[in-house]
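Q: Under the working numbering, the letters of the sequence shown match residues 89 to 298, in that order. We put the CB at the ideal spot given by N, CA and C, even for glycine. First, the structure itself, so that you have it in front of you.
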Amino acid sequence: MKRLLLILICLIAPAAWGQASAPATITEPEREQLLDRAKSLKAEAGRIRTEAQKQHAEADSACWKKTLVSGCQADARRAYLDGTAAARKLEVEAKKIEREVRERDRATRQAKQAEEAPKRRAEREKKIAREREKAAGQQERREQKTTEKQQEAQKASARARESERARQEKLEARRQKEEKAEQKALEREKKRKKREEERARQLEQQQQAQ
């Protein structure tokens, strides 16, 4: 039993000291060391439990050869219970260490997240700025295209108006030309009639003179 208690103290004491002085976060070497310790505690607990069961079975069998069978069996039972109790203490300590590792893993993740938060925030802000810049560029290009279309439409409208004005000018010039031609024709007709009237008057005068 003294040997079992000595083993128990040697295995538990470093773990308890590690828990008391352990930081909130955990490094990979520390993690491996604690898990190895928990594994060793579990293995030792299993060995103690198996040994206690074996010694109890052997003692119980040997007690039947002694005079005080009941007293012998009671001693063997106490030794067995002491052994299983020591094993349970080791198992409980192993679970505490595993729980500590889980808690420190969580603390490490949280610390890492807190440490990386400004970087992630800066990256997120850069991404937002890039998206805004991209959106502004797209909006500027859309507005430029709209302006170009409007300008092209205005140019097309101006060309159409200029074409219509030129057409109207041509029509007006043709109309004026036709009017002038008609005026000249009328003047020629008047002159012809006047000459005919003059000849007719001269002819009449000649006839009267005869």
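Please state whether the Cβ-Cβ distance between Thr-172 and Arg-135 is less than 8 Å.
A: Going by C-beta atoms, Thr-172 is not nearer than 8 Å to Arg-135.
Q: Can you give me the C-alpha to C-alpha distance between Gln-201 and Tyr-168, rounded to a whole angstrom?
A: Cα-Cα distance, rounded: 49 Å.
Q: Which class does Ile-185 belong to by DSSP, given the choice of helix, strand or coil?
A: Ile-185: helix per DSSP, three-state reduction.
Q: What number of angstroms, rounded off, separates the C-alpha of Glu-285 from the C-alpha of Ala-246?
A: Those two C-alpha atoms are separated by around 57 Å.
Q: Just checking my contact of Ala-133 with Glu-179 at CB under 8 Å: how many whole Å lie between their CB atoms?
A: The Cβ separation is near 5 Å, so the contact holds.
Q: Given a cut-off of 8 Å, decide if Leu-129 and Val-189 are closer than it, judged by their beta-carbon atoms.
A: Not a contact, by the Cβ cut-off of 8 Å.
Q: Would you kindly check if the distance between the Cβ of Thr-113 and the Cβ of Arg-192 is under 8 Å?
A: Contact flag set, yes.
Q: Mind reading off the beta-carbon distance from Ile-185 to Ala-224? Whole number of angstroms is fine, and I expect it under 8 Å.
A: So it is not a contact: roughly 56 Å between Cβ atoms.
Q: In the DSSP assignment, the alpha helix (DSSP H) including Thr-155 goes from what residue to what residue?
A: First-last for Thr-155: undefined, no H or E at that position.
Q: Between the Cα of Asp-124 and those of Lys-183, Arg-262 and Ala-297, spot the shortest distance and give me the residue it belongs to.
A: Here the closest residue by C-alpha is Lys-183.
Q: Tell me, to the nearest whole angstrom, how far the beta carbon of Gln-141 is from that of Cys-151; I am working on the premise that it is less than 8 Å.
A: That pair is no contact at about 16 Å.
Q: Helix, strand or coil for Ala-112, going by three-state DSSP, please let me know.
A: In the structure shown, Ala-112 sits in coil (DSSP, three-state: anything other than H, G, I, E or B).
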